[in-house]
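Worksheet: the structure to be examined is printed underneath.
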Amino acid sequence: MPDNKYSEQELVQRFQAGEEDAFAIIYDAYHKKVLFFARRFVSDLNATDITADCFVGLWQRRGNFPSLPAISSYLFITARNRCYNLIAHEQVKEKHKGELINLMETETIPDSDLEDIRVQLIGLIRAELNRLPKKMRAVFILSFQEGLKPAEIAEQLNINVKTVSNQKATAIRLLRQALADHPLEFVLLLLLQLELTRTVVHDLC
Amino acid sequence: MAASPKYIAELIYRHLNGTITAAEAAALQLWLKESPENERFLSAVTDEDDLADLVLFDEQYEQTEMKRSLYKTISSRLSFSDPSAIKPVQLPVHRVHFLRRWGWAAACVLFILSLSVYFRIISDRSDTSGDLLSQGQDIQPGSSSAFLRLADGSRVLLDSLQYGVAAMQGNTQLIRDSNDHITYRQDNKQALSDILYNTLTNPRGSRVVSIVLQDGSRVWLNAGSVLTYPTAFTGNSRQVTLTGEAYFEVAHRASMPFIVNRNALAVTVLGTHFNVMAYEDDNAIKVTLLEGSVRVDKGILTGVLQPGQQAVVAGDLRVIKDADIEQAIAWKEGFFQFNKTSIDDVLREAARWYDIDIIYEGQRPTDTFTGGITRSSSLSELLTILQMNRVHFRLEGRKLVVLNGPQNK
Chain A
246 MPDNKYSEQE LVQRFQAGEE DAFAIIYDAY HKKVLFFARR FVSDLNATDI
296 TADCFVGLWQ RRGNFPSLPA ISSYLFITAR NRCYNLIAHE QVKEKHKGEL
346 INLMETETIP DSDLEDIRVQ LIGLIRAELN RLPKKMRAVF ILSFQEGLKP
396 AEIAEQLNIN VKTVSNQKAT AIRLLRQALA DHPLEFVLLL LLQLELTRTV
446 VHDLC
Chain B
47 MAASPKYIAE LIYRHLNGTI TAAEAAALQL WLKESPENER FLSAVTDEDD
97 LADLVLFDEQ YEQTEMKRSL YKTISSRLSF SDPSAIKPVQ LPVHRVHFLR
147 RWGWAAACVL FILSLSVYFR IISDRSDTSG DLLSQGQDIQ PGSSSAFLRL
197 ADGSRVLLDS LQYGVAAMQG NTQLIRDSND HITYRQDNKQ ALSDILYNTL
247 TNPRGSRVVS IVLQDGSRVW LNAGSVLTYP TAFTGNSRQV TLTGEAYFEV
297 AHRASMPFIV NRNALAVTVL GTHFNVMAYE DDNAIKVTLL EGSVRVDKGI
347 LTGVLQPGQQ AVVAGDLRVI KDADIEQAIA WKEGFFQFNK TSIDDVLREA
397 ARWYDIDIIY EGQRPTDTFT GGITRSSSLS ELLTILQMNR VHFRLEGRKL
447 VVLNGPQNK
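Line by line, the protein sequences give chains A and B.
Everything in the first sequence is counted per our numbering, starting at 246 for the first residue and increasing by one.
Everything in the second sequence is counted per our numbering, starting at 47 for the first residue and increasing by one.
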């Protein structure tokens, strides 16, 4: 087990000396911020690739980073540049393209604390989702996120199609109850309702 | 950044779902003002499409192989000895001052205070009049002096009510529980008796009190306010009468609307959360809706409010679509909160809270004031802030004299 009690300075020293435990601690603290930062601009797959590259690069050049702020800057600058390069391949989301170009032109380094706030906020909202019973949540996610049809979900989860529809309707009802006073989840709910309509149509067809 | 990202995230979360308190809103404001980047970040991070997108991505990341495989990929590319290990480790705390939730709110108030003291020092260099702090007087906010007038005309201080069943009002029990909650509860086994009325009076200078009426509705009463209500609700409506300011959380009963009366004004609701500000010394009555829906009637005028709206009833009846909800209920949360409020209005609110009289030596200042402070502050702490606006005071007993500010410069 790594010793968690050492200071920031010791951590960086151990990291520079090539201790894998120190790298794991730094990875743990930063990877999600980098991943979410990238994910806003590019696809799931590109975002995970970019995040992996950032940390691989960090380890290979570890002698260059004498402090956590230096490590943080390297990670975010690399992530920003890698996302930017994907513009040429038309793999950056149209909605955020302008923001990304602006980050490059103004040479802005994404702020680690702000990215942390984003990660924490998303976690708080996701906790609402996690209050749903497990199977319902699975149905909800498969149908909404992956756009699977009830029959496909039924196959994946090894339940029958009717159950999928029922679970989804119940999940929506529960979510709606849980989120009744939360305007924030309005969009989620709207998407859910669309999804429900689609399910019903699908069931009728 | 002095506040932890986790705390700011919680503030944003509550801001989004509408559960943020006045103190938290003030802390969030303070953070936003730290830098324009924070403001830009807030508007970007709260984009609802992005949020929904990232939440589902996060869910997928946490619940599937994605999380493990990302670290695996990295450690195998780096030929680490133990490629599957994600160690349950934490980064050592490196921020120097983590302010905990209330610490941050307190810091926010302190910040405002220190700023105002700073301004006062500057302004005092050229202005030696009306420094009320140097006179060694101050007025603290009051304790509770709220009292009930029972159906038989007897008067009892809320704080001296007996624990348990404190009184019987017809078939209704008046209960004070060990948490000092005061509740009317009807004994259903008994036949209905005549309608009896109680009156709760919360004098000026007394802290906010709350009671639960027999139908389960909860009412908070501000200082300088009087509420009259039946000890049990019968018939086809629930009628209460208010002078002053109260916040209502009305228990839903579709067949029995809840009506707040105030002279010619009636606020009708089924079940909802709303604030009524109807002091006799205010020019306008304000009804602010937080949840549900209410109808405001005054003579032939009618307004129906949606959540977030406020009806202002003066000569006419106006509906403000985007009302400052936080300001309207800050009193209930224990804050003074002002948003471009005239000094006149600010002082009227202070007069009720500290039980003081306001006397204007010269013209009434026309400035407005924006800011907030906890209601547990002493009068001089509030006045210190107001002096930032170059309004100056002299305190004579419980009389606050507003000096002819700009002219005596």
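The beta carbon of each residue, even a glycine, is placed where N, CA and C say it ideally should be.
As the structure is a prediction and not an experimental result, all values here were calculated from the model.
For B:Asp104, the nearest beta carbon of chain A is closer than 8 Å to its own beta carbon. DSSP links B:Thr92 through a beta bridge to no other residue. DSSP, read as helix, strand or coil, puts B:Leu207 in coil. Nearest neighbour of B:Arg253 by Cα position, chosen from B:Thr67, B:Thr318, B:Phe381, turns out to be B:Phe381.
Exposure of A:Gln254 is indicated by the presence of fewer than 16 other C-beta atoms within 10 angstroms of its C-beta.
Pairwise C-beta distances place the region 263 to 272 of chain B out of contact with the region 209 to 220 of chain B, as fewer than three of them are shorter than 8 Å. Counting only residues of its own chain and dropping the five nearest sequence neighbours on each side, B:Ile241 has a CB closer than 6 Å to the CB of Pro276. Between the alpha carbons of B:Ser206 and B:Asn309 lies a gap of roughly 31 Å. Using a Cβ distance threshold of 8 Å, B:Val359 and B:Val340 do not count as a contacting pair.
The contact set of A:Arg363 on chain B, defined by CB atoms closer than 7 Å, consists of Val91 in chain order. With respect to B:Leu57, B:Ala73 sits close: the two C-beta atoms are nearer than 8 Å. Within chain A, Gln365, Leu369 have C-beta atoms less than 8 Å from the C-beta of B:Glu56, given in sequence order. Considering only A:Ile362, A:Leu402, A:Ala399, the residue with the shortest C-alpha distance to B:Thr92 is A:Ile362.
For the pair B:Glu83 and A:Asp356, the CB atoms are nearer than the 8 Å cut-off. Collapsing the DSSP output to three states places B:Trp377 in coil.
Here the C-alpha atom of B:Leu335 lies approximately 30 Å from the C-alpha atom of B:Phe87. The contact set of B:Met112 on chain A, defined by CB atoms closer than 9 Å, consists of Asp289, Thr293 in chain order.
Annotation: Cβ neighbours of B:Thr119 in chain A (cutoff 7 Å, chain order): Ala297. When only Cα atoms are considered, B:Leu194 and B:Arg284 end up about 19 Å apart. Residue nearest to B:Asn329 within the set B:Gln355, B:Asp368, B:Asp362, B:Asp370 is B:Asp362 (criterion: CA-CA distance). A:Arg284 is not a Cβ neighbour of A:Ala297, given a cutoff of 8 Å. The C-beta separation of B:Asp198 from A:Gly368 comes to about 57 Å, leaving the pair out of contact by the 8 Å criterion. Here B:Asp233 carries a coil assignment [DSSP, helix/strand/coil]. Following the DSSP letters along the chain, one finds A:Thr351 in no alpha helix (DSSP H), marked with neither H nor E. Around B:Pro51, the beta-carbon contacts reaching into chain A at under 7 Å are Asp358, Asp361, Ile362, Gln365. Under the 8 Å criterion on CB atoms, B:Val340 is classed as non-interfacial with respect to chain A. Chain order gives the chain A residues near B:Ser127 as Glu265, where near means a beta carbon separation below 8 Å.
At least one CB of chain B lies nearer than 8 Å to the CB of A:Phe300. With three or more CB-CB distances shorter than 8 Å, the region 431 to 448 of chain B counts as touching the region 393 to 409 of chain B. Secondary structure of B:Gly417 (DSSP, three-state): strand. Secondary structure note for B:Ser121: its alpha helix (DSSP H) is the uninterrupted segment 112 to 123.
Under the 8 Å criterion on CB atoms, A:Tyr272 is classed as interfacial with respect to chain B. The beta carbon of A:Phe310 sits no closer than 8 Å to any beta carbon of chain B.
Bounds of the beta strand (DSSP E) holding B:Leu336 are 331 to 337.
Inclusion of B:Ile185 and B:Leu425 in the CB contact set at 8 Å is warranted, their separation being smaller than that value. DSSP, reduced to helix, strand and coil, places B:Phe294 within a strand of the structure shown.
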